[in-house]
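J.:
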Amino acid sequence: MKSYQTFVEAAKTFAVDAARLANSSRKRHFSVSSKSSVNDMVTNVDKETETYLVERISREFPNDTIIAEEGGHRTGTSGISWVIDPIDGTTNFIYDFPSCTVSIGVQDNDTTVAGAVCDVMQGDIYWAGVGIGSFKNADPIHVRDGVLIENSLIGTGFGYSSARRIAQAEFLASIIGEIRDIRRTGAASLDLCYVAEGRLDGYYEVGLWPWDFTAAALIVTEAGGFVLGPKGTTPSGELTVAASTMELASFLRAKVVPHLPLADA
Ligand code: LIP
């Protein structure tokens, strides 16, 4: 098997090149269609960027599995999986709102060993490898230290069905008085990278997909942060939590879990 460093470098290169491709289409007219609901949109740029990534990964890593948001799945034999979101934050991309990324996670069986998240509009590349730390471009990044729960800035997001969004907003109202404030960027992978670099103290969301969080969860933990799921430390569609301290991560999980399945449509 290739070294994990090979996957780190490849994920970074693929993410940067795919983000450049997506960004070149940003000012051009593009087609928009909806998926699970009228709010769950996808553009031809999502699909073209995914096709680019699937073709490049398949060419350079022909025996690896690919798991991709817009359906570009390939089944491999190597035990290595590439988990890709061609544009995380599609709504933002459509509105030219500055928060969308290309996210690429690499897993060895079920363990994430490399992750790269490229901010499409800013061009910044967040990346990490298991055991080597987290970086933004060439600079090491680390979570913000010493935050108190009542002073914490928390990111979150909302799903696509009205029932789910109402339940998520009602939950948010129940905790917003116990924290500093919330931020809602519209791209889970970027929220998680913001935790890794200290722009956010914590983040929680229900209803995500593996391509939203696989790469950025590693970037959080390699930056000294903590990632939790509904039980244990594996994030999932049921619940993804990240924070600079285990105390804050545990606080957020303890608040959300009694309300699950918050994500139910
Ligand atoms: C988005 C997530 C975001 C969530 C949005 C949406 P997409 O992913 O990154 O955190 O709140 O509802 O799911 O669909 O833009 O790739």
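Numbering (the numbering used here), first residue to last: 175 to 439. Don't be surprised by glycine CBs; every beta carbon is placed ideally from N, CA and C. The structure displayed is predicted, hence computed values, not measured ones.
What are the boundary residues of the beta strand (DSSP E) that includes V431?
T.: Element bounds for V431: n/a, residue is neither H nor E.
J.: Using CA coordinates, which residue listed in P384, K221, N237 and N266 is at the minimum distance from I278?
T.: Closest option to I278, Cα to Cα, is P384.
J.: So S418 and V294 are supposed to be a Cβ contact under 8 Å. How far apart are they, rounded?
T.: Going by Cβ atoms, the distance from S418 to V294 rounds to 26 Å, so no, they are not a contact pair.
J.: Please indicate yes or no: does the CB of F204 lie closer than 7 Å to some heavy atom of the ligand LIP?
T.: no
J.: Smallest Cα separation from T225: which of G245, G406, A391 and L364?
T.: G245
J.: Where do the ends of the alpha helix (DSSP H) carrying T451 lie?
T.: This structure gives no information on residue 451, because the portion of the chain shown stretches from 175 to 439.
J.: By the 10 Å Cβ neighbour count, where 16 or more other Cβ atoms means buried, how is A337 classified, buried or exposed?
T.: exposed
J.: Any heavy atom of the ligand LIP closer than 7 Å to the Cβ of F332?
T.: For F332, the shortest C-beta to heavy atom distance toward the ligand LIP is below 7 Å.
J.: Can you name, in chain order, every residue of its own chain whose Cβ lies under 6 Å from the Cβ of R427, other than the five neighbours on each side?
T.: The answer, listed in chain order, is L402 and V415.
J.: Start and end of the alpha helix (DSSP H) containing R292?
T.: Sequence inspection shows Cys at residue 292; the Arg mentioned does not correspond to that position. The continuous stretches of alpha helix (DSSP H) do not include C292, which lies in the beta strand (DSSP E) extending over residues T285 to D293.
J.: What are the start and end residues of each continuous beta strand (DSSP E) run of 3 or more residues lying completely inside the segment 300-350, in chain order?
T.: Fully enclosed beta strand (DSSP E) runs of 3 or longer: 307-310 and 327-330.
J.: Would you say the beta carbon of G376 is closer than 7 Å to some non-hydrogen atom of the ligand LIP?
T.: no
J.: Give every residue of the same chain whose Cβ lies closer than 6 Å to the Cβ of V182, excluding the five residues on either side of it in the sequence, and list them in chain order.
T.: A288 and G303
J.: Using the Cβ count rule (16 or more neighbours within 10 Å means buried), how would you classify I350?
T.: exposed
J.: I'd like to confirm something about G289: is its beta-carbon nearer than 7 Å to some heavy atom of the ligand LIP, or not?
T.: no
J.: Sorry if obvious, but does the Cβ on D259 come closer than 7 Å to a heavy atom of the ligand LIP?
T.: yes
J.: Could you check if R233 is buried or exposed, using at least 16 other CB atoms within 10 Å of its CB as the buried criterion?
T.: exposed
J.: Is the Cβ-Cβ distance between D238 and Y334 less than 8 Å?
T.: no
J.: Using a Cβ-Cβ cut-off of 6 Å (strictly less than) and excluding sequence neighbours within five positions of V219, which residues of its own chain qualify?
T.: Here the set comprises A196, S199 and F204.
J.: Classify S208: buried if its beta carbon has 16 or more other beta carbons within 10 angstroms, exposed otherwise.
T.: exposed
J.: At a cut-off of 7 Å, is E222 close to the ligand LIP when judged by its beta-carbon and the heavy atoms of the ligand?
T.: no
J.: Closer than 7 Å to a non-hydrogen atom of the ligand LIP - does that hold for the CB of A361?
T.: yes
J.: Relative to the C-alpha of A343, which residue among Y378, R373 and A290 is closest?
T.: Y378
J.: Per the DSSP calculation, T407 is bridged to which residue(s)?
T.: In DSSP, T407 forms no bridge with anything.
J.: Taking Cβ to Cβ, would you say C292 is nearer than 8 Å to A362?
T.: For C292 and A362, no; Cβs fall outside 8 Å.
J.: Provide the residue(s) that pair with D355 in DSSP beta bridges, ordered along the chain.
T.: L327
J.: Find out if the Cβ-Cβ distance for the pair V369, G399 is shorter than 8 Å.
T.: yes
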